[in-house]
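In the numbering used here, the protein residues as written are 1 to 205.
The structure under discussion appears below in the form of structure tokens.
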């Protein structure tokens, strides 16, 4: 069975995420500037890179290698098209984290934004263990109401995600990461216009 993310077009996803009533694309872009630049690392792996939002913040003189990982190969082709200036630094990898975790390369840092919600804690733990980073930075969505997908004209594009969605909580994530010896070192939050908020939690081994 195909993962629902393989069926969602990038334009539908990004148009939903950047709506004025949602503003998640813009908020994550702003937060990713810090994710890429706050720690003394030379290699980063972005799990769930989608269309490459935030990659423009990569400083090539600092980061020698950036891996963009996604399950949707068409997303990755668009990433490569959008960021030709990162040629030689950025490598796109089409990997299903559910059963291809051993294909993940090692890196100094993992960035995983709105990803754990779709793979679950245990899968994420296995991925981090495989990558063996010094730092992990995650952005999760905290829902204020019952719906985890914001209302928009694109709402039904995401119907298939119900079957793979996991609710993620801050404390649960910290507990899970402690099991593999990663300690929380930083927390930021960004309120969204629809009452939801994005919370960034960074970890260090």
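For each residue, glycine too, the CB sits at the ideal point set by N, CA and C.
28 is the residue among 6, 28, 91, 18 whose C-alpha sits nearest the C-alpha of residue 141. Secondary structure note for residue 17: its alpha helix (DSSP H) is the uninterrupted segment 10–17. Within the model, the alpha-carbon separation for residue 111 versus residue 63 is close to 14 Å.
Taking a C-beta distance under 9 Å as the contact criterion, residue 66 and residue 98 do not qualify as a contact pair.
Annotation: the continuous alpha helix (DSSP H) that includes residue 121 extends over 121–131. The three-state reading of DSSP puts residue 113 in strand, counting E and B together.
Taking a cut-off of 8 Å for Cβ pairs, the stretch 162–177 and the stretch 116–136 touch, as three or more such pairs fall below it. When DSSP states are grouped into helix, strand and coil, residue 200 belongs to the strand group. A straight-line Cα-Cα distance of about 22 Å links residue 86 and residue 135. With contacts defined as CB atoms closer than 9 Å, residue 96 and residue 3 qualify as a contacting pair. Listed as beta-bridge partners of residue 95 by DSSP are no residues whatsoever. Per the coordinates, the alpha-carbon of residue 188 lies some 6 Å from the alpha-carbon of residue 199. Of 6, 17, 9, 10, the smallest CA-CA separation from residue 193 is found for 17. Where residue 25 is concerned, the enclosing alpha helix (DSSP H) starts and stops at 24–37.
The residue from 51, 182, 106 with its alpha-carbon nearest to that of residue 11 is 51. Looking from the CA of residue 61, the closest CA among 36, 76, 32 belongs to 36. Distance from the CA of residue 54 to the CA of residue 125, rounded to the nearest whole angstrom, comes to 24 Å. Within the stretch 49–107, the runs of beta strand (DSSP E) at least 3 residues long that lie entirely inside it are, in chain order, 65–70, 90–94.
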